[in-house]
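Residues in the sequence shown are numbered consecutively from 1, following our numbering. The C-beta atom is built at its ideal place from N, Cα and C for all residues, glycine as well.
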Amino acid sequence: MYQLEPFMAELEKRNPAQPEFIQAVREVIESVIDFVNANPAYEANNILERITEPDRVITFRVDWEDDEGHIHTNRGYRVQFNNAIGPYKGGLRFHRSVTLGTLKFLGFEQTFKNSLTTLPMGGGKGGSDFDPRGRSNAEIMRFCRSFMTELQKYIGPDQDVPAGDIGVAGREIGFLYGQYKRLRNENAAVLTGKGLSIGGSLVRPEATGYGTMYFANEILKEHGDSFKGKRISVSGFGNVAWGACVKATELGAKVVTISGPDGYIVDEEGVGTPEKWEFMKQLRTSNNDVVAPYAEKFHCKFVPGKKPWELPVDMAFTCAIQNELGLEDAKTLVKNGVKYVVETSNMGCQADAVKYFIEHRIPFAPGKAANAGGVACSGLEMSQNAEHLPWTAEEVDQRLHHIMKSIHDQCVANGKEKDGYINYVKGANIAGFKKVADAMLQLGY
Ligand code: 2IT
């Protein structure tokens, strides 16, 4: 029989100074341990030890020149976590906070998320501690070229297919793909999140934000509720927050906050017009990492240095970065009457915050279920590239909708507790784990 604490103690010893990775693993193991112990073949095949160890970790040096002619050196990574159910798939993150531990946690999460999508994709993640803040277009391009010069040795359309994440969107994917083509003379579907003229999919930029709202809509329906008139707080202001604002508005809710490292804005009229969405995109591409200009432009309140979780809302969506919502935030939200919490950033909530929501029987959706729409749409982009045919926006959106509904169904089927509460964390972890673990058993060692 596996026992949680001895297993975790061993894992911590093998992975020193990687607290985010340990946190992500603990959440999954806590959820699945009873299920694993009820199926002896898993322990007989060492499944927990194997599933928590990445297949491969690649690190490389990235040298690049800034506009003044100075040379900089960053570290690049690709964590190929698990390919039991398909080629490694997952984004690249360019952010000052990136460490190997961060990317291991993200690659681990990605493995189970991708399993939930129903598509044949393994899990991986990569990126760099490169900080895009204040960098020119030319500097971003030089960095991307240098990064891909190394990365191309390890990826391929049936091997490992990166995409965007924080700090990496259409522009960066274009530069990365350009360098791949120059070096390999191949028109390979080796990246997703591409622009439309270079093989990208319609709806991919919106997909994470749309998907989280489709998932939330399923939660609402499950609880006999709807988006009509719901007041929502969203954190972040990037690609994911943007798609979330658009779809929430379309479904009849009002998003009253977005946020950045500088603080959050309160827009009582709602972040709900094309002009405001367009402005969010401008904020993102400006590379300044601030939201304060939104408050000036649209004459609303800006709260410096704070997070949006102090504002009373019906639903809260973390759309920025890991661990952005802590226990105190959770207590404030619950005290202020929050009805649903949807983690849209990967591991957006700290472990004690998640426990608090669950203890208080607030329906809580974990990131690996709620934010899977992005990578699901990447999977659809791979299908379109493989058949050399673009699909219509309607077709992609319909499939995305269907996938999010199916993830919700898997959570309900595996996460319903005796009192009727749906533990989405447990449901997502068990369903995601089962497919990967069974695939590993079938493949042998
Ligand atoms: O966290 C994620 O799922 C992503 N950044 C998207 C990954 C992808 O391959 O589209």
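Checklist line | Host beta strand (DSSP E) of Trp309 (start-end) | finding: Taken as a continuous stretch (DSSP letters only), Trp309 belongs to no beta strand (DSSP E), as it is neither H nor E.
Notebook entry, point to check: Do Asp165 and ligand 1 come close, with the Cβ less than 8 Å from some heavy atom?
Noted result: Yes.
Notebook entry, point to check: Cys411: beta carbon under 8 Å from a heavy atom of ligand 3?
Noted result: This structure lacks ligand 3; its bound ligands are ligand 1.
Notebook entry, point to check: Using the rule of at least 16 other Cβ atoms within 10 Å of the residue's Cβ for burial, across every protein chain shown, is Tyr177 buried or exposed?
Noted result: Answer is buried; the Cβ neighbour count reaches 16.
Check: Straight-line CA distance for Phe289 to Arg26?
Finding: Before going further, note that residue 289 is Asp rather than Phe in the sequence given. Rounded to the nearest angstrom, the two C-alpha atoms are 31 Å apart.
Checklist line | Close-in-space but distant-in-sequence residues of the same chain around Arg50 (CB under 8 Å, 5 per side omitted) | finding: Once the five neighbours on either side are set aside, the close Cβ partners of Arg50 are Met440 and Tyr445.
Check: Applying the criterion that 16 or more other CB atoms from any shown protein chain within 10 Å of the CB defines a buried residue, is Ala353 buried or exposed?
Finding: buried
Check: For ligand 1, is there a heavy atom less than 8 Å away from the beta-carbon of Cys319?
Finding: no
Margin query: So, for Gly374: in the same chain, excluding its five sequence neighbours on each side, which residues have a beta-carbon less than 7 Å away from its beta-carbon?
Written below: Ala207, Thr208 and Gly211
Checklist line | Contact check, Thr52 vs Val436, beta carbons under 9 Å | finding: Not a contact, by the Cβ cut-off of 9 Å.
Notebook entry, point to check: Where does Leu191 land, buried or exposed, given buried means 16+ other C-beta within 10 angstroms?
Noted result: buried
Check: DSSP state of Glu343, grouped into three classes?
Finding: Note: Glu343 maps to strand in three-state DSSP.
Check: According to DSSP, which residues form a beta bridge with Cys245?
Finding: Note: Cys245 sits in no beta bridge, so no partner.
Notebook entry, point to check: Does DSSP put Val271 in a helix, a strand or coil?
Noted result: coil
Next item on the list: Give a single yes or no on whether Ser378 has its beta carbon closer than 8 Å to a heavy atom of ligand 1.
Entry: Checking the 8 Å criterion, the Cβ of Ser378 is within range of a heavy atom belonging to ligand 1.
Notebook entry, point to check: CB Val32 to CB Asn371, shorter than 9 Å?
Noted result: no
Note to self: DSSP three-state label for His72, please.
What the structure shows: The three-state secondary structure of His72, taken from DSSP, is strand.
Next item on the list: Let me know the secondary structure DSSP gives Asn82 once reduced to three states.
Entry: strand
Note to self: Would you say the beta carbon of Asn346 is closer than 8 Å to some non-hydrogen atom of ligand 1?
What the structure shows: yes
Item checked: Which of helix, strand or coil DSSP assigns to Gly211 -> In the three-state scheme derived from DSSP, where H, G and I count as helix and E and B as strand, Gly211 is classed as helix.
Check: How would you call Met404, buried or exposed, if buried means at least 16 neighbouring beta carbons within 10 angstroms?
Finding: Counting Cβ neighbours within 10 Å, Met404 comes out buried, since at least 16 surround it.
Check: Exposed or buried, Asn423, counting other C-beta atoms within 10 Å across all chains shown (16 or more means buried)?
Finding: buried
Check: Which residues share a DSSP beta bridge with Tyr264?
Finding: Under DSSP, the beta-bridge partners assigned to Tyr264 are Ser259 and Val303.
Check: Using the C-alpha atoms, what's the distance from Tyr180 back to Ala188?
Finding: 9 Å
Next item on the list: Can you check DSSP and say which residues form a bridge with Thr102?
Entry: BP columns for Thr102 are empty, so no partner.
Next item on the list: Measure the C-alpha to C-alpha separation of Asn185 and Gly200 and round it to an integer number of angstroms.
Entry: 19 Å
Next item on the list: Starting from Asp419, follow its DSSP beta bridges and name the residues at the other end.
Entry: Note: Asp419 sits in no beta bridge, so no partner.
Next item on the list: List the residues that DSSP assigns as beta-bridge partners of Ala295.
Entry: Paired residue(s): none; Ala295 is not in a bridge.
Notebook entry, point to check: Helix, strand or coil for Met8 per DSSP?
Noted result: DSSP places Met8 in the helix class (H, G or I) of the three-state scheme.
Notebook entry, point to check: Between Trp242 and the rest of its own chain, which residues show a CB-CB distance below 7 Å, the 5 nearest in sequence each way excluded?
Noted result: Gly209, Trp277, Met280 and Lys281
Check: Below 9 Å between beta carbons: does that hold for Lys447 and Gly367?
Finding: This structure gives no information on residue 447, because the portion of the chain shown stretches from 1 to 445.
Next item on the list: Name the residue from Met213, Asp225, Ile219 and Asn39 whose alpha carbon lies nearest to the alpha carbon of Val234.
Entry: Met213
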